[in-house]
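For the sequence shown, the working numbering begins at 434 and goes up steadily by one.
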Amino acid sequence: MSWLRIREMVRKEFIQLFRDRKNRVVLVAAPLIQLLVFGYVVNYDIRDIRVALIDQAQTRESRLLTDAFTAGRIFRITHRPADPHAMEELFLAGKADIGIRIPPDFSSLIRSGRTASVQILVDGSMSNMASVRISYAVTVLDRLNQLLLREIHGRDLQYGKIDARIRTWYNPNLDSQHFFIPGIVAFVIMLISLLLTSIAIIKEREAGTMEQLIVTPLKPFEFIIGKTIPYTVVAIGQMVLVMVFALYWFQVPLAGSVLALFFATCLFLLSTLGIGLFISTVSRTQQQAMMTTFFFILPFFMLSGFVFPIANMPEVVQWLTYLNPLRYFLIVIRGIFLKGVGLNVLWPQYAALAVLGALVFAGAVGRFRKRLD
């Protein structure tokens, strides 16, 4: 193996990559745009719940209930429909998230010491968000119950109960961006590295430069190394750029070691670059290579645990996730960012990334033949 030949191959790749000014902008702007889009769009925090309210009582107690919901910044009364049918129309049009109907006898039942009912209707088309909205509504009603009991009986009514002292580790404010942003960093690295390397060899064929490479003393392994190093440097540079942006723009904490993160990124890139090169060796045109790349990206994304917990997937699908390098890298990057753990805890994920990367990269090298088909 000649490092001189590899160096010249790397030099040629960098010249081709940065010769076009459009490529320079895309390589810097594309990861940041993706981070901003995903960082603000992929968010499970519920901060604005639109409420449609029907107050058939129109009493002091019903106004207390209304004020209890609007006192915070989560619930916002946007509509006051005249009847339940109008409320249903609001749900169908997607203009309301929760419907509250206060019956006419609401105040009289409370004043007589009996239980008063309030109807809560929730749009369940998005089940996870509906569950959170219901829990928020129940919390508001519990607080109002304590207030009314204190007002009616003149003292706080205490009873035996379990006092849960809850403390949330690693993400005290339960900010979903702290969970998603590290995953987005991993996804951006995978997306860029796969796209760039999947067309690496195809460009040589379509540009007609493969014939020139055939007559050189370059060996297949040297060719692959020369093709891989530039995209590795670009991917690591993009990771640093995106990570700095995540730390200072989204204020995501980095509790662990940067060196451990860098090592994990190199192992992850071994898999993604190997898959990209393998796609490049089996494809004949750039369009075919890009279509094949997107065929890989969607399963990697869906089966990584980025959005959907792997434990909730069917058992057969859970076994398939063990072939997904993004699954292991997500565990590593979230562990380093949020928990501050290192190789002593995450070594199984590091080992899996190393094994997958070695197998995929060896397959790409074995597939490549320095000749035209």
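Cβ atoms here follow ideal geometry from the backbone N, Cα and C, with glycine treated the same way.
*Distance, Cα to Cα, Gln684 vs Leu465?*
15 Å
*Pull up the CB-CB distance for Phe770 and Gly689, whole angstroms please, since I reckon it's below 8 Å.*
Yes, Phe770 and Gly689 are in contact; Cβ-Cβ is about 7 Å, under 8 Å.
_Residue range of the unbroken alpha helix (DSSP H) whose run includes Phe539_ = Note, Phe539: alpha helix (DSSP H), 539-544.
*With DSSP as the reference, label Ala791 as helix, strand or coil.*
helix
*With respect to the alpha helix (DSSP H) encompassing Ile730, which residues constitute its N-terminal and C-terminal limits?*
719-735
*Could you check if Asn561 is buried or exposed, using at least 16 other CB atoms within 10 Å of its CB as the buried criterion?*
exposed
*DSSP beta-bridge partners for Asp488?*
Ile535
*asked:* Tell me the DSSP secondary structure of Ile482 in three-state form.
replied: Look at Ile482 here: in three-state DSSP terms it is strand.
_Per the DSSP calculation, Gln552 is bridged to which residue(s)?_
Arg534
*Does the beta-carbon of Asn757 have 16 or more other beta-carbons within 10 angstroms, so that it is buried, or is it exposed?*
Asn757 is buried by the Cβ-count criterion.
*asked:* With a threshold of 6 Å on Cβ separation, who are the neighbours of Met442 within its own chain once the five nearest residues in sequence on each side are excluded?
replied: Gly659, listed in sequence order.
*In angstroms, rounded to a whole number, what distance separates the CA positions of Pro732 and Thr725?*
12 Å
*Any C-beta of chain B sitting closer than 9 Å to the C-beta of Leu607?*
In the structure shown, chain B does not exist; there is a single protein chain.
*Over what stretch of residues does the alpha helix (DSSP H) that includes Ile634 continue unbroken?*
633-640
*Applying the criterion that 16 or more other CB atoms from any shown protein chain within 10 Å of the CB defines a buried residue, is Pro781 buried or exposed?*
exposed
*Just the C-alpha distance for Val667 and Arg600, rounded to the nearest angstrom, thanks.*
41 Å
*Whole-angstrom C-beta distance between Ile479 and Ile507, which should lie under 8 Å*: 7 Å
_First and last residue of the uninterrupted beta strand (DSSP E) at Thr511_ = 508-512
*asked:* Excluding the 5 residues flanking Asp806 on each side, which residues of the same chain have their C-beta closer than 7 Å to its C-beta?
replied: Low per-residue confidence applies at Asp806: pLDDT is 45, beneath 50, and the placement is therefore not dependable, though the value from the model is reported in the following sentence. Nothing meets the Cβ criterion.
_Within the continuous alpha helix (DSSP H) that includes Met746, where are the two ends?_
Per DSSP, Met746 belongs to no alpha helix (DSSP H) and is neither H nor E.
*Are Phe701 and Leu759 touching if we call contact CB-CB under 9 Å?*
Yes, these two residues count as a Cβ contact at 9 Å.
*asked:* Within the continuous alpha helix (DSSP H) that includes Trp436, where are the two ends?
replied: Segment 436-452, the alpha helix (DSSP H) holding Trp436.
*Three-pair Cβ contact test at 8 Å for the region 526-546 versus the region 610-617*: no
_Candidates Pro686, Ile730, Leu437, Leu776: closest to Asp608 by CA position_ = Pro686
*asked:* Give me the residue from Trp682, Ile662, Ile439 with the minimum Cα distance to Leu468.
replied: Trp682
*Kindly indicate the opening and closing residues of the alpha helix (DSSP H) around Leu706.*
Taken as a continuous stretch (DSSP letters only), the alpha helix (DSSP H) holding Leu706 covers 691-715.
*Excluding five sequence neighbours on each side, which residues of the same chain lie with their C-beta closer than 7 Å to the C-beta of Arg836?*
Residue 836 is absent from the structure shown; the chain starts at 434 and stops at 806.
*Along the chain, where does the alpha helix (DSSP H) that runs through Pro663 open and close?*
653-681
*asked:* Using the three-state DSSP reduction, which class does Lys455 fall into: helix, strand or coil?
replied: helix
*Hey, is Thr661 close to the ligand GTP, as in C-beta under 8 Å from one of its heavy atoms?*
Here there are no bound small molecules, and the ligand GTP is not part of this structure.
*Figure out for me which residue from Thr572, Gly775, His512 has the closest Cα to the Cα of Ala697.*
Gly775
*asked:* Suppose you measure from the CA of Ile766 to the CA of Phe739; what does that come to, to the nearest Å?
replied: 12 Å
*Do the CB positions of Gly709 and Leu628 come within less than 9 Å of each other?*
Gly709 is a Cβ neighbour of Leu628, given a cutoff of 9 Å.
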